[in-house]
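**Q** full-length UniProt numbering numbers the first residue of the sequence shown as 1 and each following residue consecutively. For each residue, glycine too, the CB sits at the ideal point set by N, CA and C. The model shown is predicted, which means the values in this text are computed figures rather than measured ones.
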Amino acid sequence: MRGTEHNSSSRLKPLRNEPKHGYEIIKALEERSSGQYAPSPGTVYPTLQYLEDMGLVRADQEAARRVYHLTETGRTELEAHAQEVNAFWARFTEPDTSAAIRAEIGFLEDELQHLMRTVWGGLRNALNRDDQNTIRRVREAIEHSQNEVRRILTEPDSLRDNQE
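1. Given a cut-off of 8 Å, decide if L115 and L51 are closer than it, judged by their beta-carbon atoms.
2. Decide if T47 is buried, meaning its Cβ has at least 16 other Cβ atoms within 10 Å, or exposed.
3. Identify the continuous beta strand (DSSP E) that holds A100 and give its terminal residues.
4. Keeping to the same chain, check which residues put their C-beta closer than 8 Å to that of L29; ignore five residues upstream and five downstream.
5. Taking the alpha-carbon of A63 as reference, which of I101, G42, H21 has the nearest alpha-carbon?
6. Return the residue from the list N128, L123, R150, E148 that minimises the CA-CA distance to R137.
7. CA-CA distance, E72 and V57?
8. Return helix, strand or coil for H144, following the three-state DSSP convention.
9. Excluding the 5 residues preceding and the 5 following E104 in the sequence, name in chain order all residues of the same chain whose CB lies nearer than 8 Å to its CB.
10. Taking the beta carbon of Y68 as the centre, do at least 16 other beta carbons fall within 10 Å, making it buried, or is it exposed?
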């Protein structure tokens, strides 16, 4: 599982034991991270919709709220990627992470979620239009971005220090 996929799977964990509505999921994520990660409704609800589209959660309308249940497929996904999910949550237990870095990482996470939704929706539209050129160009842009991010993350510390 890659990138935001394991992040999305990490958001399945609050549903492992019982169904929850969106606000309860937000609070469970915040609690699980000891307050270091408090996703906004603008991040959580689109992610829940994505997870529902993927068949990992099911939403039922109960009174004025949608209650989310982990499906068997979602449970299997969570179990299959337990190591990645645990690694995701482990980063919140590291005591030496500064608040500024945590805030920056949270911002980047939200931006990646937004980008994922944009790409996902755009690709579905391109597929419906049989627009192979757009699909190819998006793939090329993603490959270019992945390579650039990998280059940045693997460059020696001396190069990083000179660019700041």
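**A** Reading off the structure:
1. Going by C-beta atoms, L51 is not nearer than 8 Å to L115.
2. T47 should be labelled buried.
3. Run containing A100: none in the beta strand (DSSP E); it sits in the alpha helix (DSSP H), 99-128.
4. Same-chain partners within the cutoff: R11, P14, Y37, A38, P39, V44.
5. Closest in alpha carbon position to A63, among I101, G42, H21, is H21.
6. It is L123.
7. Linking E72 to V57 through their CA atoms gives a straight-line distance of about 9 Å.
8. If DSSP states are grouped into helix, strand and coil, H144 belongs with the helices.
9. Contacts found: none.
10. Counting Cβ neighbours within 10 Å, Y68 comes out buried, since at least 16 surround it.
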